[in-house]
Every structure is written in C-alpha cells, then in structure tokens.
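J.: Numbering (this note's numbering), first residue to last: 89 to 365. Just passing along the structure, written as structure tokens.
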Ligand SMILES: NC(=O)c1ccc[n+]([C@@H]2O[C@H](COP(=O)([O-])OP(=O)(O)OC[C@H]3O[C@@H](n4cnc5c(N)ncnc54)[C@H](O)[C@@H]3O)[C@@H](O)[C@H]2O)c1
C-alpha cells in the first residue's frame, strides 16, 4: 500500500500502532493536534492538524488508500466541546475520503456506543446502539456516518468497538473487557488486510474467558485474539470489593460512563492502570 494516514498518532493507542502501520505501507502520515509523536520512523511523516477543521484534514488524505482514525477527545465533556473533534472530525475524515477516493477508514469506535446494555446481556454487532454519554453518542454518529458513506459512496469502514485497551486489566470489569495491545494490533492489521470489509462492526476485546460480547458476525475478518485477562483474575479480585448492584456504573457494559452525568467526566472512577475507553 502506498499511503496510510493515522489520526490520534500521539495518543495511547496511536503510539501502539505506528510501527505496525509503517510496516504496511510506503508512507505513513501520522497526525495529531499535539505537536509531535517523538522520533519518526523511516517512512513516517508527522503533520500537526486539528480534526475539527476540514482545511487541515483534507490535505492529509491526498493520495492515501486508508485512514486509521483514532484521534478524538477520549472523555465525557459538555456537548459543545465534543462536537468539533468527535463529530465534525469524523465528518471531515469521511467527506475528505469521498472527495479524494480513499478506499477504507478503520475507526476507533467504543463500547460506549452500547454502554447502557446490562452486563448480563451478551451484546453482538447487530443490536441497536445504546450510548451511555455524549462520548458514546459520537461513536454511534460515526458508525452511522460510516454505514451511510459505504452504502451511498462505496467507502469501506471497519468500526472497532474497543472495550478496555490497556497494558493489563486493572479491575473486575476488565477481566471481560480487556484488549491487549498485541490483540489491538492484530485487529487493526486484519481490518486493513481483509480484501473486502464493506461496513463492518467488531468488538475490540481479547480472548478473555469472561468476554461479554459476540463477534461472530465479524468472524470473516480473521481476528483471533490471543491474550486472556483471566491470568490476572486472582490479583484483581484480591483488591476489588463486591459489586454495588444499585450502581449502573457497575451493572452496565459502559462501566462508570453508564452512571456518568452527561457532559461530566467519569475518568476519575475508571481505576485503570494506564488509560481506557
Ligand atoms: N484506550 C481505550 O481503551 C479506548 C477504548 C475505546 C475507544 N477508544 C478510542 O480509541 C481512540 C484512541 O484512544 P486513546 O486511548 O489512544 O486516547 P488518547 O487520548 O491517548 O488519544 C487520542 C488522541 O487524539 C488527539 N486529539 C484530540 N483532539 C484532537 C483534535 N481536535 N484534532 C486532532 N487530534 C486530536 C489527542 O491529542 C490524542 O493524542 C479514541 O478514538 C478513543 O475513543 C480507546
């Protein structure tokens, strides 16, 4: 492949993906609103850009075959602060892709598009959205945007409903929801090298014994996660109190985002080793 664009390249997950993506193309263009990504790889260039601004986004995609779109506000904030990066940003990516003939977008969606489902419901990729926050609602918006651009304009997209991508699971919820960085890389690689994906939704979780989601409709991607959070179960349960069943944050898939007040960050309650959701 000639050119791939990675948005959110300086983020937690963007940094985990740069090496993989550089190996899959002649030219990797990494972009972020941050000033840089550190030392550049041999075939990598960095462009600072704000996803909210079409005139900064469109030139990035010139000559690109695929975009790996991971840039976003990763928190719950008042709606007007989410609007530019998380809503307009997605529109700017897909509309630029349409104008410039980009073949495919691989998008970092989130479990928070489905966060209000009770944990006792095994959710699949066909069920209706139930967002838990404005943050999750932006993921629903972008998934629908991707479906529309596929059905009307033939631009393919894979929407990765990432659950908890961290170095290791930090709480009991993550024993089901953990996505290791190796499995994340495998998921992104399959989203890129599968010849035909159309519009596809897939959950980003590892091969956890307690996995609470059903990816069978996306099995054709060939994503076969290898890591299993269960090896951390003893350590995690040793420090976690019994669940409070009156707290939606503990009984719904979205975790603390499910009990969050709209527009107010629940990040302080996530109790995770590095960063999640
Ligand atoms: N980490 C997880 O467990 C998880 C779970 C679900 C979904 N996701 C999604 O994965 C993606 C990456 O998450 P992350 O954990 O790396 O988060 P992160 O906050 O570390 O990275 C996001 C990056 O986007 C950039 N960004 C923010 N606003 C921007 C703007 N206006 N223009 C350009 N760049 C902008 C930030 O500077 C940052 O580098 C996000 O879309 C997030 O919603 C992550």
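Don't be surprised by glycine CBs; every beta carbon is placed ideally from N, CA and C.
Please look up how many angstroms separate the CB atoms of residue 287 and residue 245, rounded, as I've assumed it's under 8 Å.
T.: Taking the first residue of the chain shown as 1, we reach residue 287 at position 199. Taking the first residue of the chain shown as 1, we reach residue 245 at position 157. A Cβ-Cβ separation of about 6 Å places residue 287 in contact with residue 245 under the 8 Å criterion.
J.: Ignore the nearest five residues each way along the sequence and tell me which others in residue 194's own chain have a CB closer than 8 Å to its CB.
T.: For this step, residue 194 is matched to residue 106 along the chain shown. The residues are 154, 155, 156, 157, 245, 246, 248, 276, 279, 280.
J.: Could you check what DSSP says for residue 287 in three-state terms: helix, strand or coil?
T.: By 1-based counting over the chain shown, the position of residue 287 is 199. Three-state result, residue 287: strand.
J.: Going by DSSP in three states, residue 365 sits in which element: helix, strand or coil?
T.: For the purposes of this step, residue 365 is taken as residue 277 along the chain shown, with counting starting at 1. Because residue 365 sits at a pLDDT of 49, beneath the cut-off of 50, its placement in the model cannot be relied upon, and the point is left open.
J.: Ignore the nearest five residues each way along the sequence and tell me which others in residue 336's own chain have a CB closer than 7 Å to its CB.
T.: For the purposes of this step, residue 336 is identified with residue 248 of the chain shown, where counting begins at 1. Closer than 7 Å at the Cβ level, and outside the excluded window around residue 336, lie 346, 347.
J.: Going straight from the alpha carbon of residue 163 to that of residue 121, what length do you get?
T.: The sequence position of residue 163 within the chain shown is 75, counting from 1. The sequence position of residue 121 within the chain shown is 33, counting from 1. If I take the Cα positions, the gap works out to 16 Å.
J.: I'd like the ranges of any alpha helix (DSSP H) spanning at least 4 consecutive residues and lying wholly in the segment 240 to 290.
T.: 262 to 265, 269 to 281
J.: Go ahead and pull the three-state DSSP assignment for residue 145.
T.: As a working mapping, residue 145 is identified with position 57 in the chain shown. If DSSP states are grouped into helix, strand and coil, residue 145 belongs with the helices.
J.: Give every residue of the same chain whose Cβ lies closer than 6 Å to the Cβ of residue 144, excluding the five residues on either side of it in the sequence, and list them in chain order.
T.: Counting from one through the chain shown, the residue named residue 144 turns up at place 56. Around residue 144: 137, 138.
J.: Are three or more beta carbon pairs between the segment 226 to 238 and the segment 295 to 302 nearer than 8 Å?
T.: Remark: fewer than three beta-carbon pairs, one from each stretch, lie closer than 8 Å, so the segment 226 to 238 and the segment 295 to 302 are not flagged as touching.
J.: Please report the distance separating the alpha-carbon of residue 177 from that of residue 266.
T.: Taking the chain shown and counting its residues from 1, the one referred to as residue 177 is at position 89. Taking the chain shown and counting its residues from 1, the one referred to as residue 266 is at position 178. Spanning the two alpha carbons is a distance of roughly 27 Å.
J.: Buried or exposed: where does residue 331 fall if 16 or more other Cβ atoms within 10 Å of its Cβ makes it buried?
T.: Looking up residue 331 in the chain shown gives position 243. With fewer than 16 Cβ atoms within 10 Å of its Cβ, residue 331 is classed as exposed.
J.: Quick one: grab the DSSP three-state call for residue 292.
T.: Residue numbering aside, residue 292 sits at position 204 when the chain shown is read from its first letter. Strand, per DSSP.
J.: Just curious, the alpha helix (DSSP H) that residue 366 is in, first and last residue?
T.: The displayed coordinates of the chain run from 89 to 365. Any statement about residue 366 would go beyond what the structure contains.
J.: Near residue 357, what residues of its chain come up, given a Cβ to Cβ distance below 6 Å and the 5 sequence neighbours on each side ignored?
T.: Within the chain shown, numbered from 1, the residue matching residue 357 stands at position 269. 344.
J.: Checking contacts by CB at 8 Å: is residue 159 closer than that to chain D?
T.: Absent from the structure: chain D. Only one protein chain is present.
J.: In angstroms with no decimal places, state the Cα-to-Cα distance between residue 141 and residue 258.
T.: Against the chain shown, residue 141 aligns to sequence position 53. Against the chain shown, residue 258 aligns to sequence position 170. Approximately 36 Å between the Cα atoms of the pair.
J.: Just to confirm before moving on: does the CB-CB distance between residue 220 and residue 340 stay below 8 Å?
T.: The residue you call residue 220 lines up with position 132 of the chain shown. The residue you call residue 340 lines up with position 252 of the chain shown. Going by C-beta atoms, residue 220 is nearer than 8 Å to residue 340.
J.: Quick one: grab the DSSP three-state call for residue 355.
T.: Position 267 of the chain shown holds residue 355. Correct three-state label for residue 355: helix.
J.: Have a look at residue 165 and residue 225 and give me their C-alpha separation to the nearest angstrom.
T.: For the purposes of this step, residue 165 is taken as the residue at position 77 of the chain shown. For the purposes of this step, residue 225 is taken as the residue at position 137 of the chain shown. Cα-Cα distance, rounded: 12 Å.
J.: With DSSP as the reference, identify every bridge partner of residue 132, one or two as the case may be.
T.: In the chain shown, the residue the question calls residue 132 occupies position 44. As a beta-bridge residue in DSSP terms, residue 132 pairs with 116.
J.: Any chance the CB of residue 95 is under 7 Å from a heavy atom of ligand 1?
T.: Residue mapping note: residue 95 aligns to position 7 of the chain shown, counting from 1. Yes; taking the cut-off as 7 Å, the Cβ of residue 95 has a heavy atom of ligand 1 nearer than that.
J.: In angstroms with no decimal places, state the Cα-to-Cα distance between residue 190 and residue 100.
T.: By 1-based counting over the chain shown, the position of residue 190 is 102. By 1-based counting over the chain shown, the position of residue 100 is 12. So the two alpha carbons sit approximately 25 Å from each other.
J.: Return the Cβ separation of residue 192 and residue 241 in integer angstroms, given the expectation that the two are a contact with Cβ distance under 8 Å.
T.: If you number the chain shown from 1, residue 192 lands on position 104. If you number the chain shown from 1, residue 241 lands on position 153. With a Cβ gap of about 12 Å, residue 192 and residue 241 do not count as contacting.
J.: Since residue 154 is in the beta strand (DSSP E), which residue starts that stretch and which ends it?
T.: For this step, residue 154 is matched to residue 66 along the chain shown. For residue 154, the enclosing beta strand (DSSP E) has its first and last residue at 154 to 157.
J.: Please list the terminal residues of the continuous alpha helix (DSSP H) segment that includes residue 109.
T.: Within the chain shown, the letter at position 21 stands for residue 109. First-last of the alpha helix (DSSP H) with residue 109: 100 to 110.
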